[in-house]
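To keep things clear, I will list the structure first and then write my remarks on it.
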Amino acid sequence: MKWNFPYRFREDLSCPLAKRLALLGGVLVLCFGLHALIMLTMTDHPLAAYAVLFRSAFGNRYQISQTLLRTLPILLIGLGMSVCLKAGILNLGGNGCLLAGGLGAVFVGLYLTQLPPALAILLTVVLGMLFGALWSGVAALLRAKLNISEIYVTVMLNYVMLYFATFMLEVVWQDPMKLNWTAMISDNTKWPVLIPGTSIHLGFVLLILLFGVVCYLDRTPLGYEIRCFGLSPQATRFKLKEMDSQRLILFVMLFAGAAAGLAGACQVSGSQYRFSLQINRDFGFTGIVAAKLGGLNPVGIAAASLLLGALSSGATAMQVMTGVPDSIIDVLQGMLLVAAICADRLAMYRLEKTMGRETV
Amino acid sequence: MRLILISLLAMTVRMTVPYLCTALGELYAQKSGVLNLGLEGMMTVGAFLAFMVNYHTGSAWLGLLAAVGGCLLAALLYGGLVIWFGVDQPITGIAFNLLILGSSSFFYRLAFGVPATMPLAERTFPLRPIPLLSHIPFLGEILFQQYGLVYLTFLLVGCSAFFFRRTKAGIILIACGENPKAAETRGVRVNRFRLAGVLISAVFSAIAGTYLSTAIFNQYTAGMVAGRGYIAFALVIFGKWNPVHIMAGALLFGFLEALALLMQVTALIPHQFLLMAPYALTILALVVTSFKSRSARPACLGVRYKSSR
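Just so you know, the sequences run in chain order A and B.
End of the first sequence = 360 in our numbering, gap-free, step of one.
End of the second sequence = 1309 in our numbering, gap-free, step of one.
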C-alpha cells in the first residue's frame, strides 16, 4: 500500500508493560463506554447505574464479603487458566471441572459424616481438586497423546459433566425439600469461617496459597519452559529439560483442572453447603476472561477477578434500583474479553515514523 | 412399532439439519483457512433474531432474513479481527460466543422480561411434502414430508461437493487454505476469499439457528444452541473436510438426538445419559479421526496470511 502519511504501524513483538497497561486501560474505558451506551436504552443515567453497581459491590461489610465470595471461584479458575494459557493451551473445561470438584466435595459431605472435622475438611479439599484434575485429565491425555485439540474436547466434557451432575442431582442425591439442590452437608465438613460476621471461609486461605504457587511457578525453570512452550511448541519440543512436552501439557491442564475443582469445592463446602447446578455461574468462562484481562499475570488476574466479581455481585442491586437487567453484565464480560484480546494484539504494533514516501 | 420407527427416522432427518447446515458453512470457512469457532454464537444470533422478528412481524421468512443479516454483521466483525488484525482465532471465537450469548439473553430479557409462559411465535415454517415422492410408503414419510429448509440443507451438501470440486471459485477457496502464497502469486486476493468463507459460514449458521428456533422449538431459550456449534465444528474434522462425510456424521448426531427425545418419554435409560451422548460421541469421533490420516486438513488452517500487496 502506498502511504504518503509519515507514520505507519509496524509489528513489534516486544510489549513493554507500560504500553500494555495503557492499552488495557484505554480498552477498558472503551468497553465501559460502549456498555453505557447500551444501558442508555434502558435508563437515562447509565453513569448513575454504574455508581449503584460499584457502591453495592463495596458498600458495607456484608456487600464486600459477597463480592469476595463471587471473586473467589473466578480468581481460582483464572489462576489455573493462566498457567494453561501461558502454555498456549486453551482449556475451556472450567465449568465441568468445577462441577466435578463440587461433586467430590458433596460426596464427602453427605457420606463421610463420622470423620473428625480436620480430616473431613482436608478430604473435601483433596477430593475436590482430584476430581477436577481427573476430569481435566481426560482432555489432557487426548491432547498429549493423540494431539486432539483441547478446545472442543473440554467443551464437550463440560456438557457431559453437566448432564452427569444433573443425573446425580435428580436421581441420587435429590433433597426432597429443596428442589434441585442436594441435602446439606454434615457439620464436620463445612469449612470454618475465618472472619466472624462475614462469609470469608477457608477457601480464601487456599486461594492465597494457590496465588503464591502460581507466582512461584513463574520463576521456576518449569514456568520458564511453560512460557517457551506457549510461544512456540515446535521450537521447544526437543529442548525441554524439566519435562517433555507431553508431560508439560498434562501438568498445565491438570493444574487448571485442580484449581477449578478447588473452586467447586469452595462453592459447595465453603459457601453454599449444598450441591446444585447453580453453584456454577459460568465461572469457567469468566475465569478465562479474568486471565486474559489480567494479562496472564497473577496480580493482574486478581484485579480483573475482583472487577468481575464486583460486577457480578453489584448487578442484582443495580437491577433492583435502576431497572437495568443484570444480564447486561454478561454482555460486558464478553466485550471485555474481545477488548482484552484486541489490546493484546494492538500491543504488538508500534507507531513508527517513516521517511515520507514509502511504497511497501 | 412401525409408527415409532417412522417418527424416529423422520425426527432424525429433522434434527440433523442444524448440525449439517452449520458444519457445511464451517467447511467453507475452514477450507479457506479460517477457524471459525464462533459458530455457537452465530447460531444463537440466528436463532434469536429469527425468533424476535418472527414474533413481532408474524413472518418466519423475514425472521430468516433478519437472522442472516445479523450473522453477516457478526461475521464481518469476526473476519475483520481475525483475518486482517490477526488476533488468535480460537479464543476470539470463544469471546464472540460469550459476547453473543450474553447479548442475546440480555435483549431477550429486555423484550420479554421474565415471562411466566414461554412466548411462542405464531407462524412457523410450513411442512412441505413433495407431491409424488411423499406417498412412498416408508421412505416417503421419513424423507419427503419435511420443511423446506431440510430439503435445502441436503441439497446444499451436493452443491458444496460440486462447488469444491468443479467450480473455479471452489478451487480458489481451497487454494487459499492450502497455500495462500501460491494463490496470491496467481492474483487471488486471499484475505477477501477468506472473508467470503467466514461470511458463508455465517449465512449457513444463520439458517441453522433460524431452523432451530423456528421449526424445531418455536421459541427462544437462553441455552438453546446447547453446544451444537462446537459439535458442528468437530463434525467438520470428523467428516475429513468432505461434505458427504459430514452429512453422514450429522445424520448420526441427528439420530442420537432424536433417540434422546423419544427416550425421554419411555424412561428406559436415565435421560441424562442420552442427553450426554452427542457430546461424548463427539469426543469418540475425534479420537477415531485422530487415528486416521490427517491429510485432508487445510494446510494453513488458522494461520494468518499477511498479504504482500
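In this text, a Cβ means the ideal position worked out from N, Cα and C, and glycines have one as well.
Alpha carbon to alpha carbon, how far is L1008 of chain B from A1159 of chain B? Give it in angstroms, no decimals. To locate residue 1159 of chain B, count along the second sequence from 1; it is residue 159. To locate residue 1008 of chain B, count along the second sequence from 1; it is residue 8. In the sequence as presented, Ala is not what sits at residue 1159 of chain B; that position holds Cys. CA-to-CA, the gap between C1159 of chain B and L1008 of chain B works out to about 27 Å.
Could you check what DSSP says for M1 of chain A in three-state terms: helix, strand or coil? Along the first sequence, one-based indexing puts residue 1 of chain A at 1. For M1 of chain A, the predicted model reports a pLDDT of 49, less than 50, meaning its position is unreliable and no value from the coordinates is stated.
Cross-strand partners of L1127 of chain B (DSSP beta bridge): For this step, residue 1127 of chain B is matched to residue 127 along the second sequence. B:Y1147, per the DSSP bridge assignment.
Could you spell out where the alpha helix (DSSP H) holding V1176 of chain B opens and where it closes? On the second sequence, residue 1176 of chain B is found 176 positions in, with the first residue counted as 1. In the sequence as presented, Val is not what sits at residue 1176 of chain B; that position holds Cys. Here the alpha helix (DSSP H) through C1176 of chain B covers K1168 to E1178.
Quick one: list the residues of chain A neighbouring V1087 of chain B, beta-carbon separation under 7 Å, in chain order. Counted from its first residue, the second sequence places residue 1087 of chain B at position 87. What V1087 of chain B touches in chain A, judged by beta-carbon distance under 7 Å, is I341, C342 and R345, going in chain order.
On the DSSP bridge list, what partners appear for W181 of chain A? The residue labelled residue 181 of chain A in the question sits at position 181 within the first sequence. Beta-bridge partners of W181 of chain A (DSSP): A:S276.
Nearest candidate by alpha-carbon position, reference A133 of chain A, set A:L306, A:S327 and A:L262: Counting from one through the first sequence, the residue named residue 133 of chain A turns up at place 133. Of the candidates A:L306, A:S327 and A:L262, the residue whose Cα lies closest to the Cα of A133 of chain A is A:L262.
If we require 4 or more residues per run, which alpha helix (DSSP H) segments fall completely within the stretch 9-80 of chain A? If we require 4 residues or more, the alpha helix (DSSP H) runs fully inside the stretch 9-80 of chain A come out as 17-39 and 46-58.
On the CB-based measure, 16 or more other CB atoms within 10 Å of its CB, does P1180 of chain B come out buried or exposed? Counting from one through the second sequence, the residue named residue 1180 of chain B turns up at place 180. Its Cβ being crowded by 16 or more others within 10 Å, P1180 of chain B is buried.
Tell me, please, whether the CB atom of L1152 of chain B is closer than 8 Å to any CB atom in chain A? By one-based count along the second sequence, residue 1152 of chain B stands at place 152. It does not; no Cβ of chain A falls within 8 Å.
Check each residue of the stretch 1274-1304 of chain B: if its Cβ is closer than 7 Å to any Cβ of chain A, include it; give the result in chain order. Within the stretch 1274-1304 of chain B, the residues whose Cβ lies closer than 7 Å to some Cβ of chain A are L1275, M1276, Y1279, A1280, T1282, I1283, L1286, V1287 and S1290, listed in chain order.
Would you please verify whether the beta carbon of Y50 of chain A is less than 8 Å from any beta carbon of chain B? For the purposes of this step, residue 50 of chain A is taken as the residue at position 50 of the first sequence. Chain B, which has no Cβ nearer than 8 Å to the Cβ of Y50 of chain A, makes this no.
For F229 of chain A, decide whether its Cβ has a neighbour in chain B, counting only Cβ atoms nearer than 8 Å. To locate residue 229 of chain A, count along the first sequence from 1; it is residue 229. Not closer than 8 Å to any Cβ of chain B, the Cβ of F229 of chain A fails to qualify, so no.
Note down, in chain order, each residue of its chain lying with its Cβ closer than 8 Å to the Cβ of W173 of chain A, except the 5 sequence neighbours on either side. Within the first sequence, the letter at position 173 stands for residue 173 of chain A. Excluding the 5 residues flanking it on each side, W173 of chain A has same chain C-beta neighbours closer than 8 Å at V106, L110, T182, A183 and F275, in chain order.
In the DSSP assignment, the alpha helix (DSSP H) including N158 of chain A goes from what residue to what residue? Translated into positions along the first sequence, residue 158 of chain A becomes position 158. N158 of chain A -> alpha helix (DSSP H) spans E150 to F167.
Taking the alpha helix (DSSP H) that M1276 of chain B falls in, what are its first and last residues? Taking the second sequence and counting its residues from 1, one reaches residue 1276 of chain B at position 276. Segment H1271 to F1291, the alpha helix (DSSP H) holding M1276 of chain B.
Do I74 of chain A and G309 of chain A have their C-beta atoms within less than 8 Å of each other? The sequence position of residue 74 of chain A within the first sequence is 74, counting from 1. The sequence position of residue 309 of chain A within the first sequence is 309, counting from 1. Going by C-beta atoms, I74 of chain A is nearer than 8 Å to G309 of chain A.
Spatial neighbours of T236 of chain A within its chain, please: C-beta separation below 6 Å, excluding the five flanking residues on both sides. Walking along the first sequence from the start, residue 236 of chain A turns up at place 236. Closer than 6 Å at Cβ, skipping near neighbours: C228 and F229.
Rank B:K1240, B:A1285, B:Y1230 and B:L1252 by C-alpha distance to the C-alpha of L92 of chain A and give the top, closest one. By 1-based counting over the first sequence, the position of residue 92 of chain A is 92. Considering only alpha carbons, the answer is B:Y1230.
Might you give, ordered along the chain, the residues of its own chain that have their beta carbon closer than 6 Å to the beta carbon of L130 of chain A, omitting 5 neighbours on each side? Residue numbering aside, residue 130 of chain A sits at position 130 when the first sequence is read from its first letter. Answer for L130 of chain A: no residue qualifies.
Which parts of the stretch 1079-1139 of chain B are runs of the beta strand (DSSP E), unbroken and 3 residues or longer, counting only runs that do not cross its ends? Runs of the beta strand (DSSP E) inside the stretch 1079-1139 of chain B: 1127-1129.
Between W3 of chain A and chain B, is any beta-carbon pair separated by less than 8 Å? Indexing the first sequence from 1 puts residue 3 of chain A at position 3. Its pLDDT being 49, under 50, W3 of chain A is placed unreliably in this model, and the coordinates cannot settle the point.
If we define contact as Cβ-Cβ less than 8 Å, is T1012 of chain B a contact residue for chain A? Locating residue 1012 of chain B in the second sequence gives position 12, counting from the first residue. Answer no: the Cβ-Cβ gap between T1012 of chain B and chain A never drops below 8 Å.
Close beta carbons around L337 of chain A, own chain, < 8 Å, minus the five adjacent residues each side: For the purposes of this step, residue 337 of chain A is identified with residue 337 of the first sequence, where counting begins at 1. These residues qualify, in order along the chain: I288, V289, K292 and L293.
Per DSSP, which residues does Q174 of chain A bridge with? Please list them. For the purposes of this step, residue 174 of chain A is taken as residue 174 along the first sequence, with counting starting at 1. When DSSP reads this structure, Q174 of chain A sits in a beta bridge with A:T182.
If you reduce the DSSP assignment to three classes, tell me which class V338 of chain A lands in. As a first step, residue 338 of chain A must be located in the first sequence, where it is residue number 338. Note: V338 of chain A maps to helix in three-state DSSP.
Any C-beta of chain B under 8 Å from that of S327 of chain A: Reading the first sequence from its first residue, position 327 is the one you call residue 327 of chain A. Chain B contact via Cβ: present.
Leaving out five residues on either side along the sequence, give the residues of the same chain with a beta carbon under 7 Å from the beta carbon of S269 of chain A. Translated into positions along the first sequence, residue 269 of chain A becomes position 269. Around S269 of chain A: A105, G109, T124, I185, T189, K190 and W191.
Taking the alpha helix (DSSP H) that R219 of chain A falls in, what are its first and last residues? Taking the first sequence and counting its residues from 1, the one referred to as residue 219 of chain A is at position 219. Counting along the chain, R219 of chain A sits inside the alpha helix (DSSP H) bounded by residues L202 to R219.
Presumed contact (8 Å Cβ cut-off) between M81 of chain A and A256 of chain A, rounded CB distance: Working through the first sequence from its first residue, we reach residue 81 of chain A at position 81. Working through the first sequence from its first residue, we reach residue 256 of chain A at position 256. Contact between M81 of chain A and A256 of chain A holds: their C-beta atoms lie close to 6 Å from each other, under 8 Å.
Determine which residues of the stretch 1231-1247 of chain B have a Cβ less than 7 Å from any Cβ of chain A, and write them out in chain order. Near chain A, meaning a CB-to-CB distance below 7 Å, the residues of the stretch 1231-1247 of chain B are F1233 and A1234.
With distances taken between CB atoms, is the gap from L1235 of chain B to A1250 of chain B smaller than 8 Å? In the second sequence, counting from the first residue as 1, residue 1235 of chain B sits at position 235. In the second sequence, counting from the first residue as 1, residue 1250 of chain B sits at position 250. In this structure, L1235 of chain B sits near A1250 of chain B, with a CB-CB distance shorter than 8 Å.
Could you work out which residues of chain B lie near F367 of chain A, taking near to mean beta carbons separated by less than 8 Å? Nothing about residue 367 of chain A can be read from this structure; chain A reaches only from 1 to 360.
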